[in-house]
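Asks: After the structure tokens below, expect a handful of questions from me.
2 protein chains.
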Amino acid sequence: MLSQTVVKRLKEIVGEKNVVTDKVGLLTYGYDGTLLSGEALGVVSPTTTDQVVEIVKLMNEHDIKLVPRGAGTNESGGTIPSQEAIVISFTKMTKIHEIDTENFVAVVEPGVINFDLQVELAKQNFYFPPDPSSFKASTIGGNLGECSGGPKCFKYGVTRDYMLGLEVVLPNGKVIQTGGRNFQSEPGYDLTRIIVGSEGILGLVTKVFVRILPIPRAKKTMLALYDKVEDASQTVADIVAAGIIPTTLELMDNLLINTTEDFTHAGLPRDAGAVLIIEVDGYPEDMDEQVKTIGEIASKIAKEFKVAQTAVEVDQIWTSRRSAFGSVARVRPSYGVNDITVPRSNFPKAIGGVLKVAKDFGVTIGVVAHAGDGNLHPLILFDQRNKEETETVHKAEQALCMMALDLEGTISGEHGIGLVKKKYLDKEFTPAAMEAFRKIKRSFDPTNRFNPGKIIDL
Amino acid sequence: MLSQTVVKRLKEIVGEKNVVTDKVGLLTYGYDGTLLSGEALGVVSPTTTDQVVEIVKLMNEHDIKLVPRGAGTNESGGTIPSQEAIVISFTKMTKIHEIDTENFVAVVEPGVINFDLQVELAKQNFYFPPDPSSFKASTIGGNLGECSGGPKCFKYGVTRDYMLGLEVVLPNGKVIQTGGRNFQSEPGYDLTRIIVGSEGILGLVTKVFVRILPIPRAKKTMLALYDKVEDASQTVADIVAAGIIPTTLELMDNLLINTTEDFTHAGLPRDAGAVLIIEVDGYPEDMDEQVKTIGEIASKIAKEFKVAQTAVEVDQIWTSRRSAFGSVARVRPSYGVNDITVPRSNFPKAIGGVLKVAKDFGVTIGVVAHAGDGNLHPLILFDQRNKEETETVHKAEQALCMMALDLEGTISGEHGIGLVKKKYLDKEFTPAAMEAFRKIKRSFDPTNRFNPGKIIDL
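Protein chains in written order, with UniProt numbering: chain H, 1 to 458; chain U, 1 to 458.
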């Protein structure tokens with residue numbers, strides 16, 4: 001429990017209403033997108049960088065650890081207060097300082113919701129490419145901490161590719177500015193990108209210079225339906241081999257087609273083995289050619305191929321895709337989102353691997369995938385109240401990670417490491433690399449005060 | 001001088017012909033693209049990762065520092081043996097292990113010359129976007145160490161955006177593998193990008209997984225000629241404001257037009273104040289529209305606008321641009337290449353700033369610029385044998401860096417920090433950030449053995 005002295009100082013720093021210490025309030029901040037939970041010593045919501053600095057200094061004085069949190073939608077346990085710690089919530093730092101269309105830069109506070117930024121940018125015909133499925137709720141700071149991806153990754157890259165500069169409060173209470181409004185340069189070495197994806201264990205980000213882009217002039221959304229998942233993955237390979245780089249190559253299997261249909265009534269045929277959502281963007285003049293080529297490629301294997309004709313149709317398709325994670329809740333009470341990536345050429349093998357894991361462990365798995373990136377999200381459906389089943393699920397999760405590594409892949413695509421994947425990190429990295437991780441952590445945070453227990457143990 | 005014991009061991013490790021200890025040989029490795037020089041204790045050229053490990057261990061045993069070197073074309077003094085050290089030359093590690101077009105990946109050794117990689121990739125209709133002016137001589141390892149840019153940066157990004165994974169020999173002699181064949185993920189934090197741009201002070205890269213892309217189907221090269229440099233920079237702003245992202249927006253001023261004409265006879269009018277080279281790529285179907293829009297925008301201000309009609313014309317234009325640095329040698333015996341970047345919206349002001357520095361210090365400056373990125377290369381022409389003039393040039397160089405910082409820019413765009421810019425780094429970064437740089441360096445290299453004295457002093 002926090003001492004009255006600390007609570008009093010916190011209230012002085014951020015104001016009474018921005019400190020939570022009651023049981024119910026604390027529990028609310030103990031969850032994220034996983035099935036894990038913890039209980040914070042207290043929750044504090046700063047509204048300025050100076051307040052963050054004061055909080056960090058106070059925690060240093062009283063030897064209290066802290067866990068940074070955005071919207072808490074992450075899928076890795078990254079924001080769970082798994083050790084005695086306060087939660088520092090950034091959801092009240094929501095200013096969009098500036099949208100600078102001349103330089104393709106927006107300057108925002110970490111608590112700005114991805115969607116809210118997109119809405120403001122759209123007014124000026126710009127957008128921020130990283131758009132994780134959680135984008136209506138998740139914050140830029142959270143996206144940054146986990147290095148989120150999203151459907152547009154294949155063409156446009158992940159969050160780290162859109163971070164130009166950061167203001168960071170270090171564990172010693174000092175503030176640094178990395179990068180800035182310049183597109184190109186990170187003199188010295190790349191402090192910006194060592195922070196991106198570090199899940200708050202090296203520093204607390206209080207301001208973000210993000211790279212924005214003009215909205216492409218044209219876009220086309222297509223759907224291809226297949227008898228089997230393996231067929232869909234062949235189309236992915238064929239499109240890429242033809243030298244086309246779509247914005248999006250999203251795959252859902254039969255289970256997800258059915259669960260999302262229950263929700264959205266988008267008209268996907270419930271007997272299809274898989275659907276591929278393909279989107280291209282660019283200049284109006286080249287849309288027809290791209291769509292024609294993709295149509296020819298897909299139609300060689302797909303049982304149906306269609307191009308969305310109206311904005312409503314496009315919306316329906318995306319509503320299906322974006323509701324995929326939540327939609328499975330109707331089937332079983334609990335689900336675990338997995339996140340593994342393999343080289344694209346191994347994608348069909350990875351699909352096979354998922355099916356094998358489902359069979360070997362006797363678990364139900366639905367597959368959503370950013371197929372262009374080789375990034376799979378196998379959703380394991382189960383009942384968390386059943387201890388034995390839950391244990392089997394954890395074993396299946398581990399098997400999925402090992403399968404990805406066997407295929408020259410990685411244990412995490414875009415959901416971070418957090419608590420959930422921590423135990424597999426040394427399967428991907430050698431002891432020497434693990435030691436490099438630890439040394440960097442120690443150089444920033446020698447007392448292990450920032451988000452302790454996430455990514456690595458010291 | 002190296003002891004006979006060390007020389008003998010080095011020869012055992014890499015073979016007699018891969019160790020240089022004679023005076024003339026050593027001097028050859030004492031230079032880079034700057035006017036600085038040093039003299040190595042010895043030069044050793046490993047051909048395998050194991051040999052690199054053995055060399056590092058030997059240097060640790062005998063407490064000898066080492067300086068990694070590719071082709072030595074860098075413009076920052078990054079490969080100068082400025083302290084007592086051996087040079088470890090990577091020019092004999094030139095294997096292209098693999099070109100994996102399915103996954104858009106090539107796996108290469110650090111000594112592969114950028115151009116040689118491009119030639120091999122082109123056979124399979126692929127390319128590696130970063131293409132610094134030095135690309136016919138510079139190595140992938142060197143490009144990586146300095147985080148090189150090139151004319152295509154504006155649309156395609158810099159070297160860090162194309163590094164997927166690295167094999168790195170650490171100062172403790174251990175080998176780590178970061179990233180790999182996957183496009184998306186850097187679990188843990190981003191070890192790949194902390195190494196990119198670190199100029200060999202954190203580790204020695206022995207294998208590189210680079211991201212490659214299919215060659216765009218169509219490309220158009222345009223030239224716009226202006227009375228004044230300021231006019232050209234207005235066109236840059238106007239093109240970007242129209243939502244067009246060209247591959248290239250290169251600018252040369254009157255001085256460079258004339259010096260390159262002496263060389264290339266490309267037919268650029270010698271009385272033009274500036275030339276803008278504009279290139280777009282994409283699908284054949286959208287080329288006409290892009291060229292038309294750019295032509296309309298440029299023609300509002302340019303005195304002449306033309307579209308290259310043949311491959312020969314395109315070649316001529318690029319030969320001019322790529323020979324810019326060397327071409328000034330006819331005017332004065334020495335030249336210093338500067339490298340500063342400002343937010344694109346401040347580009348016209350930066351051009352004004354360069355003119356002011358030239359006037360204030362009474363020096364001759366020619367300007368080449370990647371105008372889309374706001375990255376300027378002011379070339380100061382002088383005679384190094386004249387001590388007083390050389391001192392004035394150094395003051396002018398400092399003034400250029402300070403001017404860039406005043407315009408919210410950075411002291412280095414794509415040429416690194418090395419020895420040349422080290423003294424300005426703390427003008428861009430606060431003491432807390434400088435300390436973060438030092439701590440990371442110490443965590444990798446506590447005895448300061450790898451490329452000591454570059455980027456930061458400990």
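The beta carbon of each residue, even a glycine, is placed where N, CA and C say it ideally should be.
1) How big is the Cα-Cα spacing for H/E167 and H/P187?
2) Quick check on U/M434: does DSSP put it in helix, strand or coil?
3) Ignore the nearest five residues each way along the sequence and tell me which others in U/D227's own chain have a CB closer than 7 Å to its CB.
4) Helix, strand or coil for H/R193? Go by DSSP, reduced to three states.
5) I need the boundaries of the alpha helix (DSSP H) containing residue 470 of chain H, first residue and last residue.
6) Can the beta-carbon of H/T34 be found closer than 8 Å to that of H/S76?
7) Examine the Cβ distances between the segment 185 to 199 of chain U and the segment 217 to 226 of chain U and report whether three or more of them are shorter than 8 Å.
8) Taking only beta carbons into account, state which residues of the segment 76 to 110 of chain H come closer than 7 Å to chain U, listed in chain order.
9) Is the distance from the Cβ of H/P452 to the Cβ of H/A85 below 8 Å?
10) H/Q184 versus chain U: which residues are under 7 Å apart at the beta carbon?
11) Using the C-alpha atoms, what's the distance from H/I201 back to U/Y189?
12) Which first and last residues belong to the alpha helix (DSSP H) in which H/L375 is found?
13) Taking DSSP's pairing of strands, which residues face U/D100 in a bridge?
14) To the nearest whole angstrom, what separates the beta carbons of U/E428 and U/L405, a pair I think is in contact under 8 Å?
15) Do you know how far the Cα of H/K65 is from the Cα of U/S412?
16) Check H/T178 in the structure and name its three-state DSSP category.
17) With a threshold of 8 Å between beta-carbons, can U/V175 be considered close to chain H, or not?
18) Using a beta-carbon distance below 8 Å, is H/V420 in contact with chain U?
19) Going by DSSP, which residues form a beta bridge with H/D281?
20) So H/P151 packs on H/E250, CB below 8 Å; how close in whole Å?
21) Just to check my reading of the structure: H/L407 and H/N346 have Cβ atoms closer than 8 Å, yes? What is that Cβ distance to the nearest angstrom?
22) Using 10 angstroms around the beta-carbon of H/H370, count the other beta-carbons present and answer buried if the total reaches 16, otherwise exposed.
23) Short check: CB of H/I212 to CB of H/L121, under 8 Å?
24) DSSP on residue 460 of chain H, reduced to helix/strand/coil?
25) If distances are taken between C-alpha atoms only, which option among H/E279, H/I13, H/G38 and H/L2 comes closest to H/T21?
26) Kindly list the residues whose CB is nearer than 6 Å to the CB of H/V314, restricted to its own chain and excluding five residues on each side of it in sequence; keep chain order.
27) Flag H/P214 as yes if its beta-carbon sits less than 8 Å from any beta-carbon of chain U, otherwise no.
28) If you reduce the DSSP assignment to three classes, tell me which class U/I455 lands in.
29) When we look at the beta-carbon of U/H62 and count the other beta-carbons within 10 Å, is it buried (16 or more) or exposed?
30) In chain order, what are the residue ranges of uninterrupted beta strand (DSSP E) at least 3 long that sit wholly in the segment 111 to 162 of chain U?
31) Under the rule that 16 or more other beta-carbon atoms within 10 Å means buried, what is U/E98, buried or exposed?
32) Is DSSP giving H/E201 helix, strand or coil here?
33) Whose Cβ in chain H lies nearer than 7 Å to the Cβ of U/S345?
34) Under 8 Å between C-beta atoms, does H/G282 make it to chain U?
35) Opposite H/F209 in the DSSP bridges: which residues?
36) Within 10 angstroms of its Cβ, does U/S299 collect 16 or more other Cβ (buried), or is it exposed?
Replies: According to the structure data:
1) H/E167 and H/P187: Cα-Cα distance of roughly 16 Å.
2) Annotated three-state conformation of U/M434 is helix, per DSSP.
3) So the list reads G273 and K303, once near-sequence residues are dropped.
4) DSSP places H/R193 in helix when its eight states are reduced to three.
5) Because residue 470 of chain H is not part of the residues shown, which for chain H are 1 to 458, the question remains open.
6) Yes, Cβ-Cβ distance for H/T34 and H/S76 is below 8 Å.
7) Below 8 Å, too few C-beta pairs join the segment 185 to 199 of chain U and the segment 217 to 226 of chain U to call them touching: fewer than three.
8) Cβ contacts with chain U: E102 and N103.
9) Annotated as proximal: H/P452 and H/A85, with beta-carbon spacing under 8 Å.
10) Residues of chain U passing the Cβ test: G149, C153, V158, T341, D373, N375, G413 and E414.
11) For U/Y189 and H/I201, the distance between alpha carbons rounds to 10 Å.
12) In the sequence as presented, Leu is not what sits at residue 375 of chain H; that position holds Asn. H/N375 -> not in any alpha helix (DSSP H); beta strand (DSSP E) instead, spanning N375 to F382.
13) U/D100 is bridged by DSSP to U/V105.
14) Confirmed, about 6 Å.
15) Within the model, the alpha-carbon separation for U/S412 versus H/K65 is close to 37 Å.
16) Of the three classes helix, strand and coil, the one that applies to H/T178 here is strand, per DSSP.
17) With 8 Å as the cut-off, U/V175 counts as an interface residue toward chain H.
18) H/V420 does not count as touching chain U.
19) Paired residues: H/K219.
20) Sure, about 5 Å apart at Cβ, within 8 Å.
21) 4 Å between Cβ atoms; contact.
22) For H/H370, the number of other beta carbons within 10 angstroms of its own is at least 16, and it is reported as buried.
23) Yes.
24) Residue 460 of chain H is absent from the model: chain H starts at 1 and stops at 458.
25) Ranking H/E279, H/I13, H/G38 and H/L2 by Cα distance to H/T21 puts H/L2 first.
26) Excluding sequence neighbours, H/V314 sits near T221 and A308.
27) For H/P214, the answer is yes, since a Cβ of chain U falls inside 8 Å of its Cβ.
28) If DSSP states are grouped into helix, strand and coil, U/I455 belongs with coil.
29) So U/H62 counts as exposed.
30) Listed in chain order, there is nothing to give.
31) Per the 10 Å Cβ criterion, exposed.
32) Note on identity: in this sequence residue 201 of chain H is Ile, with Glu being the wrong assignment. Judged by DSSP in its simplified three-state form, H/I201 adopts coil rather than helix or strand.
33) Near U/S345 (Cβ distances below 7 Å), the residues of chain H are E102 and N103.
34) The beta carbon of H/G282 sits closer than 8 Å to some beta carbon of chain U.
35) Answer is H/V107 and H/G165.
36) Classification for U/S299: exposed.
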